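A.B. asks: My questions all concern the structure below.
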């Protein structure tokens with residue numbers, strides 16, 4: 008695979024308001040720290056605001072929060088750090104750090120309400136067995152985190168040492184409410200067995216090692232980083248601080264276009280920050296393959312034929328074969344070489360397959376990114392689709408259960424600047440919407456909130472997947488829910504200057 | 021039979037608003053009439069959608085509005101029959117609702133005629149009215165759904181499925197038709213779609229061909245030049261003085277968002293003050309008139325300027341021109357609906373709402389405005405009202421489903437050849 012650098016490793020030309028300030032942006036926006044295979048999500052609650060600020064100061068002054076500059080500059084492939092650390096806060100976390108309510112109201116409503124809010128839970132399909140009151144963390148006031156510290160290390164032992172050194176420093180100020188490990192031992196394969204991490208937005212102004220073929224349409228950085236123009240060419244709503252509350256001038260100014268009359272030159276708390284969506288998603292691997300097997304087995308056929316049928320049906324639900332090869336390119340048979348080819352495995356459209364004969368309209372891949380078929384006009388469709396993208400940084404997890412069993416799933420991580428238009432929209436309007444793509448009663452067969460016996464009054468007949476075929480479609484009904492919510496929240500992941508501001512003993 | 025709009029806005033006795041809100045909210049929460057104490061909406065044969073909304077009193081600054089009760093329905097056929105059915109089914113409960121309104125005659129419960137007269141007195145015309153499927157009645161929609169379900173049952177029967185899979189498309193179509201003929205009470209005949217009229221065809225040509233647009237547009241533009249230039253100048257001057265209204269904290273009733281996303285369909289009630297002055301009245305009414313014309317003669321096939329998810333929507337000018345009321349019945353999430361507004365129909369919407377207060381900065385009536393994505397969404401939310409009662413006769417059907425079913429049912433008795441049969445089977 009000929010990896011080539013498209014944009015040089017040097018900083019892009021300084022376009023006012025467009026040149027990204029890499030040294031101020033937390034690294035997770037630009038890379039998943041793939042060379043550090045082990046990671047731990049440490050969810051913390053503030054015991055003492057002043058001490059928590061002091062702790063945060065040591066992180067900032069010690070330059071311990073990983074940014075996108077220096078060794079980790081995007082576009083570089085060789086040297087990377089031995090550890091990485093990212094930090095983010097929930098709304099109640101910011102309040103505990105002393106952010107006043109007049110500043111809190113300038114954050115997004117989705118973030119302020121939090122993931123466990125009843126309406127948000129309905130939007131996200133977090134109902135029945137996935138309802139907030141059943142979560143391991145984040146679902147109730149008592150388990151709601153204030154801070155998430157994400158630690159990355161080379162191996163388990165290394166991560167333990169790294170975590171212990173930090174625990175020593177925060178334990179007087181913060182208490183742990185939940186710990187979650189997730190790792191990439193299995194490479195890019197997610198628990199159901201499919202290659203993951205293929206589709207990724209190409210951010211304007213960010214050097215990349217990917218080839219032009221794999222890039223797609225460049226998207227304005229403001230979709231993923233606050234303080235820059237977004238896909239509409241406008242500055243996204245960004246949290247702000249009245250000028251008087253930043254006496255040491257730690258924060259940049261709010262861009263002129265974003266000022267409101269009667270507000271004297273406020274300071275931008277959001278610039279170079281972003282919103283981080285974190286969800287622990289359990290995947291019912293056994294249930295998924297059992298369902299696929301039951302619905303693909305033809306009595307009287309040979310084992311090999313039935314095995315092939317099973318792989319085909321699973322691919323029809325996903326929209327890709329396990330290898331990652333898209334059905335849009337090889338609808339009849341898997342092509343593992345294509346699946347592993349990063350220059351080709353994401354280079355496809357659905358325009359020549361309007362009825363989903365190759366890749367079903369209800370498949371996961373076709374919902375998560377409808378590409379050229381969101382509206383009639385292909386070019387317009389690609390443009391509109393780009394208004395609903397997220398950066399994904401998820402990693403698989405395995406929790407040992409009593410009796411030698413394992414719970415498997417994904418620590419889902421998404422980054423975006425408008426939670427309602429990006430993450431929640433994808434979840435609500437594309438994945439969990441039974442009418443998406445002119446369907447009648449089909450949600451995302453992989454990730455959707457399908458039949459859940461724990462949801463009162465739920466009828467399995469209402470959940471179907473439609474696989475178009477000759478002479479007529481196959482319609483699978485009674486589709487169970489395979490991905491279950493176990494905990495999470497919305498976080499604000501500030502830029503370094505904003506972290507310094509949040510950690511300061513400002514006019515208080 | 022085509023569908024129509026009824027809007028009735030009546031004054032509420034100011035001291036009765038709380039009681040009315042309580043009654044309506046109770047009805048709204050029991051839309052299926054499980055308690056048997058409210059209205060059995062399912063008995064209505066003429067209604068696609070209806071709602072009651074309290075327009076609260078507003079005494080802010082120079083503004084002064086008394087509380088009013090707004091009713092909207094999207095119904096089939098003549099108004100008289102619709103009103104009579106409404107009163108027959110809703111009778112006693114309707115009388116209770118309107119007993120809180122000023123000017124309601126005392127004998128309302130006893131006399132259908134006097135009730136009708138009362139409602140008609142407060143009836144308002146839609147300034148613009150859009151219908152997603154103007155020629156399909158509630159009965160048609162429900163009949164088509166029944167037919168589709170019967171086909172699903174036939175195809176999805178596991179015993180049958182294996183034998184069907186080996187058939188040729190036309191044989192399969194015949195099997196389906198044979199089965200449908202055995203389903204009791206299923207109507208197989210459908211009236212053919214009415215042919216578009218002369219005006220519709222002309223407007224269609226005009227909208228679809230840029231050549232015709234130029235041929236008509238240039239002379240009309242030249243003719244109107246003496247009017248357009250001063251209008252544009254006046255607009256630019258007015259727009260430079262339009263003040264953005266600072267966002268007030270928590271102006272949105274939390275119940276507004278709380279009532280969304282329970283089913284496939286959602287509704288929106290929006291009320292905003294028109295900017296003062298004769299000029300804005302003129303531009304507002306001109307743009308609404310234009311939209312109404314296009315909705316009647318061009319956007320009448322389930323697609324409003326690229327938005328495929330609106331069942332019915334209307335703008336009504338109330339309070340003698342001082343406020344603009346907007347009702348919509350749409351599919352999917354608010355975020356998607358507003359996104360479609362911005363992505364697909366920003367020009368038309370800005371043309372209307374640029375004439376109202378607090379709207380994001382516009383340029384020459386139609387420009388900018390809604391394209392200020394986050395500001396526009398915020399402004400819409402700020403002016404949304406809680407809808408106490410909202411009923412849909414077909415809550416599980418999207419506009420696309422309804423139209424797809426029409427296409428399926430148009431050929432229930434047709435003898436389909438191989439290619440046609442294949443196409444038809446793709447719709448199932």
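Chains as they are written, first to last, in my numbering: chain A, 8 to 515; chain B, 21 to 448.
Quick reminder that beta carbons are idealized off the backbone N, C-alpha and C, glycines included.
It should be emphasised that the depicted structure is a prediction, and the values quoted were computed from it without experimental measurement.
1. By DSSP's criteria, residue 414 of chain B is part of a beta bridge. Which residues make up the other side?
2. Measuring CB to CB, does residue 438 of chain A end up less than 7 angstroms from residue 451 of chain A?
3. Any C-beta of chain A sitting closer than 7 angstroms to the C-beta of residue 356 of chain B?
4. Rank B:50, B:210, B:65 by C-alpha distance to the C-alpha of residue 408 of chain B and give the top, closest one.
5. Based on the DSSP output, what are the partners of residue 415 of chain A in its beta bridges?
6. Is the segment 112 to 126 of chain B touching the segment 358 to 375 of chain B in the sense that three or more CB pairs, one from each, lie closer than 8 angstroms?
7. Only counting the same chain, and skipping five residues up and downstream in sequence, which positions put a Cβ closer than 6 angstroms to that of residue 110 of chain B?
8. Between residue 3 of chain A and residue 462 of chain A, which are expected to be in contact by the criterion C-beta below 8 angstroms, what is the C-beta distance as a whole number of angstroms?
9. For a cutoff of 7 angstroms on Cβ pairs, would you count residue 288 of chain B as touching chain A?
10. For residue 215 of chain A, does the three-state DSSP call read helix, strand or coil?
11. Which one or two residues does DSSP pair with residue 447 of chain B in a beta bridge?
12. Based on Cα-Cα distance, which residue from B:411, B:76, B:38 lies nearest to residue 88 of chain B?
13. Applying a beta-carbon distance threshold of less than 8 angstroms, which residues of chain B neighbour residue 386 of chain A?
14. Applying the criterion that 16 or more other CB atoms from any shown protein chain within 10 Å of the CB defines a buried residue, is residue 311 of chain A buried or exposed?
15. What residues in the segment 129 to 145 of chain A have a beta carbon less than 8 angstroms from any beta carbon of chain B?
16. I need the DSSP call for residue 491 of chain A, collapsed to helix, strand or coil.
17. Which word fits residue 404 of chain A, buried or exposed, when buried means at least 16 other C-beta atoms lie within 10 angstroms of its C-beta?
18. Taking DSSP as the reference, what is the three-state secondary structure of residue 10 of chain A?
19. Please name the residues in the segment 281 to 314 of chain B whose beta-carbon is closer than 7 angstroms to at least one beta-carbon of chain A, in chain order.
20. Please confirm whether residue 360 of chain B and residue 418 of chain B have their CB atoms less than 7 angstroms apart.
21. Which value, in whole angstroms, describes the spacing of the CA atoms of residue 284 of chain B and residue 412 of chain B?
22. If the cut is a Cβ gap below 8 angstroms, which residues of chain A does residue 50 of chain B touch?
23. Would you kindly work out how many angstroms separate the C-alpha atoms of residue 211 of chain A and residue 421 of chain A, rounded to a whole number?
24. Exposed or buried, which one is residue 425 of chain B when buried takes at least 16 other CB atoms within 10 Å?
25. Quick one: list the residues of chain B neighbouring residue 166 of chain A, beta-carbon separation under 8 angstroms, in chain order.
26. Report all residues from its chain with a CB closer than 8 angstroms to the CB of residue 180 of chain B; omit the five preceding and five following residues, and keep chain order.
27. Are residue 246 of chain A and residue 114 of chain A close, meaning C-beta to C-beta below 7 angstroms?
28. What residues in its chain sit with their C-beta under 7 angstroms from that of residue 91 of chain A, if we drop five residues either side in the sequence?
29. Going residue by residue through the segment 454 to 512 of chain A, where are the continuous alpha helix (DSSP H) segments of at least 4 residues, counting only ones entirely within it?
30. What residues in its chain sit with their C-beta under 7 angstroms from that of residue 354 of chain B, if we drop five residues either side in the sequence?
31. Classify residue 124 of chain B: buried if its beta carbon has 16 or more other beta carbons within 10 angstroms, exposed otherwise.
32. When you compare the CB positions of residue 353 of chain A and residue 206 of chain A, do they come within less than 7 angstroms of one another, or not?
33. So residue 192 of chain B contacts chain A; which residues on that side make the cut at Cβ distance below 9 angstroms?
34. Can you list, in chain order, the residues of its chain with a C-beta nearer than 6 angstroms to that of residue 277 of chain B? Leave out the 5 residues immediately preceding and following it.
35. Can you list, in chain order, the residues of the segment 483 to 498 of chain A whose Cβ is nearer than 8 angstroms to any Cβ on chain B?
36. What residues from the segment 396 to 423 of chain B come within 7 angstroms of chain A, judged by C-beta to C-beta, listed N to C?
C.D. replies: In short:
1. Here residue 414 of chain B refers to the residue found at position 394 when the second chain is read from its first residue. DSSP lists no partner for residue 414 of chain B.
2. Here residue 438 of chain A refers to the residue found at position 431 of the first chain. Here residue 451 of chain A refers to the residue found at position 444 of the first chain. When the beta-carbon positions are compared, residue 438 of chain A and residue 451 of chain A come within less than 7 angstroms of each other.
3. Mapped onto the second chain, residue 356 of chain B falls at position 336. It does; some Cβ of chain A falls within 7 angstroms.
4. Residue mapping note: residue 408 of chain B aligns to position 388 of the second chain, counting from 1. Of the candidates B:50, B:210, B:65, the one whose C-alpha sits nearest the C-alpha of residue 408 of chain B is B:50.
5. As a first step, residue 415 of chain A must be located in the first chain, where it is residue number 408. Answer is A:405.
6. No contact exists between the segment 358 to 375 of chain B and the segment 112 to 126 of chain B.
7. As a position in the second chain, residue 110 of chain B is number 90, starting the count at 1. 59.
8. With chain A covering only 8 through 515, there is no way to say anything about residue 3 of chain A.
9. The residue given as residue 288 of chain B occupies position 268 in the second chain. Not closer than 7 angstroms to any Cβ of chain A, the Cβ of residue 288 of chain B fails to qualify, so no.
10. By one-based count along the first chain, residue 215 of chain A stands at place 208. Looking at residue 215 of chain A - three-state DSSP - the assignment turns out to be coil, as it is neither helix nor strand.
11. Your numbering for residue 447 of chain B matches position 427 in the second chain. Paired residues: none, contrary to the question.
12. Within the second chain, the letter at position 68 stands for residue 88 of chain B. It is B:76.
13. By 1-based counting over the first chain, the position of residue 386 of chain A is 379. In chain order: nothing, as chain B lies at least about 13 angstroms away.
14. Indexing the first chain from 1 puts residue 311 of chain A at position 304. Residue 311 of chain A comes out exposed.
15. Listed by position, the residues of the segment 129 to 145 of chain A near chain B (Cβ gap below 8 angstroms) are 129, 130.
16. Position 484 of the first chain, counted from the start, is the residue given in the question as residue 491 of chain A. DSSP places residue 491 of chain A in strand when its eight states are reduced to three.
17. Taking the first residue of the first chain as 1, we reach residue 404 of chain A at position 397. Per the 10 Å Cβ criterion, buried.
18. Counted from its first residue, the first chain places residue 10 of chain A at position 3. At residue 10 of chain A the pLDDT is 34, less than 50, meaning the model places this residue with poor confidence and gives no usable figure here.
19. So the list reads 281, 284, given in the order they occur along the chain.
20. Here residue 360 of chain B refers to the residue found at position 340 of the second chain. Here residue 418 of chain B refers to the residue found at position 398 of the second chain. Residue 418 of chain B is positioned such that its CB atom lies no closer than 7 angstroms to that of residue 360 of chain B.
21. Here residue 284 of chain B is taken as the residue at index 264 of the second chain, counted from 1. Here residue 412 of chain B is taken as the residue at index 392 of the second chain, counted from 1. C-alpha separation (whole angstroms): 11 angstroms.
22. Looking up residue 50 of chain B in the second chain gives position 30. By Cβ distance, chain A contributes nothing, its closest Cβ being about 17 angstroms from residue 50 of chain B, past 8 angstroms.
23. Along the first chain, one-based indexing puts residue 211 of chain A at 204. Along the first chain, one-based indexing puts residue 421 of chain A at 414. Pairing residue 211 of chain A with residue 421 of chain A, the inter-Cα distance amounts to about 18 angstroms.
24. By 1-based counting over the second chain, the position of residue 425 of chain B is 405. Classification of residue 425 of chain B: buried, given that the 10 Å Cβ count is 16 or more.
25. Taking the first chain and counting its residues from 1, one reaches residue 166 of chain A at position 159. Correct list: empty, because the minimum Cβ distance to chain B is about 38 angstroms.
26. Walking along the second chain from the start, residue 180 of chain B turns up at place 160. Hits under 8 angstroms: 174.
27. Walking along the first chain from the start, residue 246 of chain A turns up at place 239. Walking along the first chain from the start, residue 114 of chain A turns up at place 107. A contact, by the Cβ cut-off of 7 angstroms.
28. For the purposes of this step, residue 91 of chain A is taken as the residue at position 84 of the first chain. The beta carbon of residue 91 of chain A sits closer than 7 angstroms to those of 34, 40, 43, 73, 159, all from its chain and outside the five residues before and after it, given in chain order.
29. Restricting attention to alpha helix (DSSP H) runs no shorter than 4 residues, the segment 454 to 512 of chain A encloses them at 503 to 510, ordered along the chain.
30. Residue mapping note: residue 354 of chain B aligns to position 334 of the second chain, counting from 1. Counting only Cβ-Cβ distances below 7 angstroms, and skipping sequence neighbours, we find 280, 286.
31. The residue labelled residue 124 of chain B in the question sits at position 104 within the second chain. By the neighbour-count definition (other C-beta atoms within 10 Å, threshold 16), residue 124 of chain B is a buried residue.
32. Start at 1 with the first residue of the first chain, and residue 353 of chain A comes out as number 346. Start at 1 with the first residue of the first chain, and residue 206 of chain A comes out as number 199. It is a contact, given that the beta carbons lie within the stated cut-off.
33. Looking up residue 192 of chain B in the second chain gives position 172. In chain order, 478, 479 make up the part of chain A whose C-beta sits under 9 angstroms from the C-beta of residue 192 of chain B.
34. Within the second chain, residue 277 of chain B is the residue found at index 257, counting from 1. Cβ neighbours of residue 277 of chain B within its own chain (closer than 6 angstroms, five residues either side excluded): none.
35. Of all residues in the segment 483 to 498 of chain A, 484 have a Cβ within less than 8 angstroms of some Cβ in chain B.
36. The residues in question are 418, 420, 421.
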